[in-house]
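Engineer: Pasting a structure below so you can have a look.
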Amino acid sequence: LENHGIVTVGSSLEAACSLNEMVEEAAKIQLTVMTLSGGRVGSLAELKEKFKMQGAVK
Numbered sequence: 006l007e008n009h010g011i012v013t014v015g016s017s018l019e020a021a022c023s024l025n026e027m028v029e030e031a032a033k034i035q036l037t038v039m040t041l042s043g044g045r046v047g048s049l050a051e052l053k054e055k056f057k058m059q060g061a062v063k
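Listed below in structure tokens is the structure:
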């Protein structure tokens, strides 16, 4: 399965497909963020602090 994308497993075909869609959407978001940030995203703690300063996270 090398170089064929992700493999998801679920309790049903519907659950596996739903998980696959979530992973694909997360990958698209990550690619967009990395593109816009020049490849440096930062740690989760850094991102939380940045968004706290912008008032987006309590």
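Residue 8 in this note's numbering sits at position 3 of the sequence shown; the count goes up by one each step and never skips. Every residue, glycine too, gets a C-beta built ideally from N, C-alpha and C. If you're wondering where the values come from, they're calculated on a predicted model, not measured in any experiment.
What is the rounded straight-line gap between the Cα of valine 14 and the Cα of leucine 36?
Structural biologist: Residue numbering aside, residue 14 sits at position 9 when the sequence shown is read from its first letter. Residue numbering aside, residue 36 sits at position 31 when the sequence shown is read from its first letter. Spanning the two alpha carbons is a distance of roughly 24 Å.
Engineer: What does a CB cutoff of less than 7 Å around asparagine 25 pick up in its chain, not counting 5 residues either side in sequence?
Structural biologist: In the sequence shown, the residue the question calls residue 25 occupies position 20. Hits under 7 Å: Ile11, Thr13.
Engineer: Quick one: residues in its chain with C-beta nearer than 6 Å to the C-beta of serine 42, no 5 flanking neighbours on either side, listed in chain order?
Structural biologist: Counting from 1 along the sequence shown, the entry for residue 42 is found at position 37. Counting only Cβ-Cβ distances below 6 Å, and skipping sequence neighbours, we find nothing.
Engineer: Starting from asparagine 8, trace the alpha helix (DSSP H) both ways and give me its first and last residue.
Structural biologist: Residue numbering aside, residue 8 sits at position 3 when the sequence shown is read from its first letter. Asparagine 8 -> no alpha helix (DSSP H), and no H or E assigned at all.
Engineer: On the three-state DSSP scale, how would you describe serine 23?
Structural biologist: Counting from one through the sequence shown, the residue named residue 23 turns up at place 18. DSSP places serine 23 in helix when its eight states are reduced to three.
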